[in-house]
Structures are given as structure tokens and as C-alpha cells.
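Every number in my numbering is 128 more than the matching position in the sequence shown, counting from 1.
C-beta: ideal position from N, C-alpha, C; glycine also.
Source: prediction; values computed, not measured.
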Amino acid sequence: MKIARKFMAHFIDASLTSTAAYTRLGKDLEELSVEMNANVESNPNILGDTSKRIDSYEPQASVEPFYADEDDPMFPKLQDIIDKRLVLDDLKTTTVEVHLWEEDETTAGSYVAYKEDALIEIGSYGGDSTGYQISFNVHNIGNRVKGLFALSTKTFTPD
Numbered sequence: 129m130k131i132a133r134k135f136m137a138h139f140i141d142a143s144l145t146s147t148a149a150y151t152r153l154g155k156d157l158e159e160l161s162v163e164m165n166a167n168v169e170s171n172p173n174i175l176g177d178t179s180k181r182i183d184s185y186e187p188q189a190s191v192e193p194f195y196a197d198e199d200d201p202m203f204p205k206l207q208d209i210i211d212k213r214l215v216l217d218d219l220k221t222t223t224v225e226v227h228l229w230e231e232d233e234t235t236a237g238s239y240v241a242y243k244e245d246a247l248i249e250i251g252s253y254g255g256d257s258t259g260y261q262i263s264f265n266v267h268n269i270g271n272r273v274k275g276l277f278a279l280s281t282k283t284f285t286p287d
């Protein structure tokens, strides 16, 4: 059975404090794909063959367009990055990918999920007459942990 796109949910911590406040990405987005960006090594040998191996990934997702909305919890975080020209650790956040097709058998409303550290990179801001737009990239930087995500409270619990 095919899984509808809406069942692969992407949440990001939009908090300006140390307490996570997850919001779901997707409003106004027709597409959101995580590009894995594999590091592929090619090694030719003396037989004329080439072996290939993948030794790492640098996953990232482009969120475009994000229409600024004062009621969207992600807006203050993005505007803060723009206004203060934040860099380095000030760009850190966490993401949670939630498999809405995999509900936990013992905890109703909780789903299999993967939490990972990430950085937010602002690509551009401004836009056209349709509204103030902020395009940004989410770079996953590791520390991937499997757990459960409770939809009602938007909290992640590691396995």
C-alpha cells in the first residue's frame, strides 16, 4: 500500500529558548524533500575496475517558500537569524521526522520518529507581491536518535 506524503511529517524546533517547541513544516509548501548528499568515493584498481563506497551523508532540506506569518511559530526564529545575522551555534536546532504510518502499539497518538541536530541557513528573504518570503535550508548535522513523538504534546521521547 502506498503511503501518502502527508504521513511523513517534518517537525523543527522553533523555540528561541532551550525548551523545544516543535512546529510542523509544510504549510504553503508543495514539496519538501530531504536531499541525502552522499559522499561517494571511487577507487580505481590495477585491474581497471572501479569500486565505489559511500562513507557519509550530509542531509539537508530546502524550505521554499516560507511565507512569513506572525502566527507561525517558525517566523520569530527565522526573523531573529536575519535581524541578528546569527552564525555558528546560534543557528543550531533539532528536527524530528515522524512516521505517521507507524503508530506505537502501546501509546496511542505516539509515532516512530527520528530526532537529529540541525542548523538553519537563511537562503534569502523578501519576495514578490504574494507576501514576505524567507527561504531557508535545514542542514542535519548528526546525533540521530530513534524514539517516539507524541502528536498531541509535540514531544519526543528517545527509545
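For Leu228, the uninterrupted beta strand (DSSP E) run begins and ends at 220-231, by DSSP.
In the displayed model, Arg181 falls within a strand according to three-state DSSP. Here Gln188 has Val162, Glu163, Asn165, Asn265, Val266, His267, Asn268 as same chain residues with Cβ atoms under 8 Å from its own Cβ, once five neighbours each way along the sequence are excluded. By the Cβ neighbour-count rule, Asp141 is buried, with 16 or more other Cβ atoms within 10 Å of its own. Between the alpha carbons of Val168 and Ser190 lies a gap of roughly 22 Å. Closest in alpha carbon position to Lys212, among Asp156, Phe284, Gly275, Ile250, is Ile250. Distance from Lys274 to Phe139 at the Cβ level is roughly 15 Å; contact not present, criterion being Cβ atoms closer than 8 Å. In the pairwise beta carbon analysis, the stretch 238-258 is classified as not touching the stretch 170-179: fewer than three pairs are separated by under 8 Å.
In this structure, DSSP gives Leu279 a state outside helix and strand, which the three-state scheme calls coil. In the structure shown, the three-state DSSP call for Pro201 is coil. Under the DSSP assignment, Val215 falls outside any beta strand (DSSP E); it carries neither an H nor an E label. Annotation: Lys155 to Glu198 spans about 14 Å, alpha carbon to alpha carbon. Taking the Cβ atoms as the reference, Tyr242 lies roughly 13 Å from Leu228, outside the contact range of under 8 Å. Taking C-beta separations shorter than 6 Å and ignoring five residues to either side along the sequence, the partners of Ile182 in its chain run Ala166, Val168, following chain order. Taking the CA atoms as reference points, Glu158 sits about 18 Å from Glu225.
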